[in-house]
Amino acid sequence: MSVLDIKDLQVSIETDQGKKEILRGVDLTINSDEIHAIMGPNGSGKSTLAYTIAGHPRYIVDDGSITLDGEDVLAMSVDERARAGLFLAMQYPVEIPGVTVSNFLRTAKTAVSGEAPRVREWIGSVRGAMEKLRMDSSFGERNVNEGFSGGEKKRHEILQMELLRPVFAVLDETDSGLDVDALRVVSEGVNRIKSETGLGVLLITHYTRILRYIEPDRVHVFVNGRVAEQGGPELAHRLEEEGYDRYLKAGV
Amino acid sequence: MTATDTTPAHLVDAEPFVPIQTRSERPTSYDPADFGTPTGREVNWKLSDVKRLAPLFVDEETEAGIELGIDALAERGLLVESTGHDAAPRGEVFVPEDVVSAIAWKRCEDALHIRLPEGQVQDEPAIVRLTGTGADRHANGHIVVEAMPGSVGTVVLHHSGSAQYAQNLEIIVRDGARLTLISVQDWQDDTVHAAAHQAVVGEGAYLKHMVVSFGGGVVRVNPSMRLAGHRAEGEMFGLSFADSGQHIESQVFMFHEGVETRGDVLYKGALQGTGARSVWIGDVLIGNAATGTDSYEKNQNLVLTDGARADSIPNLEIQTGDIAGAGHASATGRFDDEQLFYLQSRGIEEEEARRLVVIGFLMEIVQKIGVPEIEARLADAIEEELRRGAGLAPASKAGA
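Protein chains in written order, with UniProt numbering: chain R, 1 to 252; chain B, 1 to 400.
Dropping the structure here:
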């Protein structure tokens, strides 16, 4: 079993107006095979947490720690984090012109597992994963994220998660911009991967809609760069009825 | 200065305003003396490496500095004897626009004339190998490529070795023909090469023109294409990779002359190393009779290290208001940090991620060739260029 441990994490970014604090001391512990939902209003720091875990250079860690089974994640480069078993499903995946999906997936798999996958098995597992996510087989010949619809981009993120087999995955607003059918397909994918591999999930979302398909073990409410409240799945139901007003008023 | 006149002509009372530096107004002559020696202040030389090109400004008797590999074409019956300056169709299309081209016209007695026979489809590309025999030898050449009515085929000019080589390429695409012409500059780095390509595309005909420049000290390939016939179609693609000390230049001209013509210009370049330089000047002219024109031109450059410079100047001139569409774009940038982050977040190391991004950027052009063996060879050449630059420090990250 693995543990992703975040302690007193303080993160800022450089802006034209100077340094801006975003995370003001976040504590969070996730074990394998657990799903933690991070909820909160816009601007509360949810995506900053996601990108800081992945190591985006824009986010400056001022204090605190992130460890994966005791290893210092903050000391790792972006690609080392991925090879250590961390995965970020992005809200806005970028286009890579001229690089086909199949070439990209094979290159990433080779990097993460340290050796090139056996061709026949690899083709079979890519095809199988794409079928389960209801993706057309011609998808592999397209360039990464180029001309993809919103739904296609999110399926492609989950496809990568399935093939790269991370230990922990951060899903950054994977539900945004998805219609009900796509949301169901993507959610099924997350649940399937978790049950097969014991994946630990940090599910970042603004809305409770996706929590009807992916049942969280724990819910953390982010407000103004801190965890304002935490609880079990019942907290999500309460948020669905009351919204975030209660926290925002208290925060003023 | 960029001259962009997008005012539809019917809104203008008098003659449409045409700035003096307009490409179509450029002086032409078969006599080198009419041009004088470029100083580097002229509009068509001001971004060029005039110093290194100077050997090509000398109007002198020249020796055979280029070896021609054309046996395969002769066997296929694609060569036509062409003796003297007046041998038709030489000069049907081509008029020199600068001194180098006028000298090449004058000093090349017998042109190489390649003809794709009427109505025939050439399954195999016709490859001409031009090999320079010495960096101190001044050579001048005139080549005519003529695609007869209804013919279909691909002609490749492959340049290698060392030379001081001025070249005129006259491309005639007769009615209904479909020609792909690829000029590959794979010279040694002591080579100085200036080429003028002039093409005319007839009614219902199609020309895909491609300039691929990897090797050479100074490589200046200036192609122009006149879409003369009704519904003529032309595509002009360019792919270049400039290393330290290389100067790679293309002044591209697409002239929509006929009715309902379609043109697409896309040049992409990568640069790495101190003093790597690329120059792209793209002119599109939509003539006053060219109603229904559909035209687009774009230049994109990717600067991989500090110390490299790319100049990019797109010009669009429209003389009729009745067109289907016209646009132009130019972008020169460093690595996109978000692309690198995305690839690295999937476990791919930074160097490999950069390699993927560059190859992807340039492969867009390679994928347009449509001849698998040439595509494979160019993909290898791009890999080789990247290996050569692997030890160079990456360009400073913008905004990081």
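C-beta: ideal position from N, C-alpha, C; glycine also.
In this text, all values refer to a predicted model and were calculated from it rather than measured experimentally.
Problem - Short CB-CB distance (under 7 angstroms) between L378(B) and chain R - result: One-based indexing of the second sequence puts residue 378(B) at position 378. Not an interface residue.
Practice task
Using a Cβ cut-off of 7 angstroms, pull out every chain B residue sitting near A129(R), in sequence order please.
Solution key: Position 129 of the first sequence, counted from the start, is the residue given in the question as residue 129(R). By Cβ distance, chain B contributes nothing, its closest Cβ being about 15 angstroms from A129(R), past 7 angstroms.
Practice task
Quickly, what does DSSP pair H159(B) with across the bridge? List them, please.
Solution key: As a working mapping, residue 159(B) is identified with position 159 in the second sequence. The partner list for H159(B) (beta bridge, DSSP) reads L130(B), Q185(B).
Handout entry: Member of D175(B), Q319(B), E63(B) whose CA lies at the smallest distance from the CA of A289(B)
Key = Residue mapping note: residue 289(B) aligns to position 289 of the second sequence, counting from 1. It is Q319(B) whose Cα lies nearest to the Cα of A289(B).
Problem - Classification of R134(R) by the beta-carbon crowding that lies within 10 angstroms, buried from 16 upward - result: Taking the first sequence and counting its residues from 1, one reaches residue 134(R) at position 134. With fewer than 16 neighbouring CB atoms inside 10 Å of its own CB, R134(R) falls in the exposed class.
Handout entry: Partners in chain B for D79(R), counting only beta-carbon separations shorter than 9 angstroms
Key = Counted from its first residue, the first sequence places residue 79(R) at position 79. Result: L343, Q344, S345, R346, G347, I348, E349, E350, E352, A353.
Problem - DSSP bridge partner residues for F168(R) (one or two, in chain order) - result: Counted from its first residue, the first sequence places residue 168(R) at position 168. Its beta-bridge partners are L86(R), G200(R).
Problem - Cβ neighbour criterion (16 or more within 10 Å) applied to R212(R) - result: As a first step, residue 212(R) must be located in the first sequence, where it is residue number 212. Around the beta carbon of R212(R), fewer than 16 other beta carbons lie within 10 angstroms, which makes this residue exposed.
Exercise for the section: Please report how far the alpha carbon of Q167(B) lies from the alpha carbon of A326(B), in whole angstroms. Expected result: Residue mapping note: residue 167(B) aligns to position 167 of the second sequence, counting from 1. Residue mapping note: residue 326(B) aligns to position 326 of the second sequence, counting from 1. A straight line joining the alpha-carbon of Q167(B) with that of A326(B) spans about 31 angstroms.
Exercise for the section: Quick one: which unbroken alpha helix (DSSP H) runs of 4-plus residues sit fully inside the stretch 327–400 of chain B? Chain order, please. Expected result: DSSP runs (the alpha helix (DSSP H)) wholly in the stretch 327–400 of chain B: 337–344, 350–366, 372–388.
Practice task
Could you give the DSSP three-state label for K268(B): helix, strand or coil?
Solution key: As a working mapping, residue 268(B) is identified with position 268 in the second sequence. K268(B) sits in a strand when the DSSP states are folded into three classes.
Practice task
In angstroms with no decimal places, state the Cα-to-Cα distance between Q300(B) and Y247(R).
Solution key: By 1-based counting over the second sequence, the position of residue 300(B) is 300. By 1-based counting over the first sequence, the position of residue 247(R) is 247. If I take the Cα positions, the gap works out to 49 angstroms.
Problem - Under 7 angstroms from the C-beta of Q339(B): neighbouring residues of chain R - result: Position 339 of the second sequence, counted from the first residue, corresponds to residue 339(B). Under the 7 angstroms cutoff, chain R gives V94, I96.
Handout entry: Any non-hydrogen atom of the ligand PLP within 6 angstroms of S32(R) CB
Key = Because no ligand of any kind appears in the structure shown, any question about the ligand PLP cannot be addressed here.
Handout entry: is_contact[A75(R), chain B] using C-beta, thresh 7 angstroms
Key = For the purposes of this step, residue 75(R) is taken as the residue at position 75 of the first sequence. Not an interface residue.
Exercise for the section: Give a yes or no on whether the minimum CB-CB distance between L271(B) and chain R is below 7 angstroms. Expected result: Here the question's residue 271(B) lines up with position 271 in the second sequence. Chain R, which has no Cβ nearer than 7 angstroms to the Cβ of L271(B), makes this no.
Problem - Coarse secondary structure for L239(B), derived from DSSP in three states - result: Reading the second sequence from its first residue, position 239 is the one you call residue 239(B). Residue state, collapsed to three classes: strand.
Practice task
Kindly indicate which residue of T154(B), E203(B), A102(B), S183(B) has the alpha-carbon position closest to the one of V121(B).
Solution key: The count along the second sequence starts at 1 and reaches residue 121(B) at position 121. The candidate whose alpha carbon is nearest that of V121(B) is T154(B).
Exercise for the section: Step through the CB atoms of chain B and report whether any lies within less than 7 angstroms of the CB of A111(R). Expected result: As a position in the first sequence, residue 111(R) is number 111, starting the count at 1. So yes, A111(R) belongs to the interface.
Handout entry: Among W280(B), T293(B), S240(B), nearest to F255(B) - alpha-carbon criterion
Key = In the second sequence, the residue the question calls residue 255(B) occupies position 255. Closest in C-alpha terms to F255(B), from the list W280(B), T293(B), S240(B), comes T293(B).
Problem - N42(R) in three-state terms, based on DSSP - result: The sequence position of residue 42(R) within the first sequence is 42, counting from 1. N42(R) sits in coil when the DSSP states are folded into three classes, being neither helix nor strand.
Exercise for the section: Locate the beta strand (DSSP E) running through K298(B), then write down its first and last residues. Expected result: Position 298 of the second sequence, counting from 1, holds the residue named residue 298(B). Counting along the chain, the beta strand (DSSP E) containing K298(B) begins and ends at 294–303.
Problem - Proximity below 7 angstroms, CB of R81(R) to CB of V73(R) - result: The count along the first sequence starts at 1 and reaches residue 81(R) at position 81. The count along the first sequence starts at 1 and reaches residue 73(R) at position 73. It is a contact, given that the beta carbons lie within the stated cut-off.
Handout entry: Length of the line joining the Cα atoms of residue 303(R) and T83(B)
Key = Past the boundaries of the shown model lies residue 303(R); chain R is included only from 1 to 252, so the question cannot be answered.
Exercise for the section: Taking all protein chains shown into account, decide if G124(R) is buried (16 or more other Cβ within 10 angstroms of its Cβ) or exposed. Expected result: Taking the first sequence and counting its residues from 1, one reaches residue 124(R) at position 124. The residue in question, G124(R), is exposed, as its Cβ has fewer than 16 Cβ neighbours within 10 Å.
Exercise for the section: Measuring only between beta-carbons, confirm whether G360(B) sits less than 7 angstroms from chain R. Expected result: As a first step, residue 360(B) is located in the second sequence; it is residue number 360 there, counting from the start. It does: the Cβ of G360(B) has a partner Cβ on chain R nearer than 7 angstroms.
Practice task
Starting from M130(R), follow the beta strand (DSSP E) in both directions and report where the run begins and ends.
Solution key: Within the first sequence, residue 130(R) is the residue found at index 130, counting from 1. Taken as a continuous stretch (DSSP letters only), M130(R) belongs to no beta strand (DSSP E), being part of the alpha helix (DSSP H) at 119–132.
Practice task
Identify the contact partners of E364(B) in chain R, using a Cβ-Cβ distance below 7 angstroms as the criterion.
Solution key: On the second sequence, position 364 is the one that residue 364(B) refers to. Those are P97, G98, listed as they occur along chain R.
Problem - Within 7 angstroms, strictly: CB atoms of A162(B) and T191(B) - result: Locating residue 162(B) in the second sequence gives position 162, counting from the first residue. Locating residue 191(B) in the second sequence gives position 191, counting from the first residue. It should be noted that the sequence gives Ser, not Ala, for residue 162(B). With respect to T191(B), S162(B) sits close: the two C-beta atoms are nearer than 7 angstroms.
Problem - Members of the stretch 216–245 of chain B near chain R, C-beta cut-off 8 angstroms - result: The residues in question: there are none.
Exercise for the section: Return the chain-ordered list of same chain residues with a C-beta closer than 6 angstroms to the C-beta of L171(R), the five sequence neighbours on each side being excluded. Expected result: Your numbering for residue 171(R) matches position 171 in the first sequence. Once the five neighbours on either side are set aside, the close Cβ partners of L171(R) are A89, L203.
Handout entry: Contacts that D56(R) makes with chain B (C-beta to C-beta distance below 7 angstroms)
Key = Here residue 56(R) corresponds to residue number 56 of the first sequence, with the count starting at 1. It should be noted that the sequence gives His, not Asp, for residue 56(R). Chain-ordered, the chain B residues with CB closer than 7 angstroms to the CB of H56(R) read F341.
Problem - Cutoff 7 angstroms: E356(B) Cβ touching any chain R Cβ - result: What you label residue 356(B) is simply residue 356 of the second sequence in a count that begins at 1. A quick correction: the sequence has Leu, not Glu, at residue 356(B). L356(B) counts as touching chain R.
Exercise for the section: Would you list, in sequence order, the uninterrupted alpha helix (DSSP H) runs of no fewer than 4 residues that lie entirely inside the stretch 5–72 of chain R? Expected result: Segments of the alpha helix (DSSP H) lying fully in the stretch 5–72 of chain R: 46–54.
Handout entry: Neighbour list for A116(R) in chain B, Cβ cutoff strictly below 9 angstroms
Key = By one-based count along the first sequence, residue 116(R) stands at place 116. Contacts between A116(R) and chain B, judged by CB atoms closer than 9 angstroms, are missing: the closest CB pair is about 13 angstroms apart.
Practice task
Closer than 7 angstroms by C-beta to R309(B): which residues in its own chain qualify, once you throw out the five before and the five after it? Chain order, please.
Solution key: By one-based count along the second sequence, residue 309(B) stands at place 309. Residues of the same chain with a CB within less than 7 angstroms of the CB of R309(B), apart from the 5 flanking positions on each side, are R277 in chain order.
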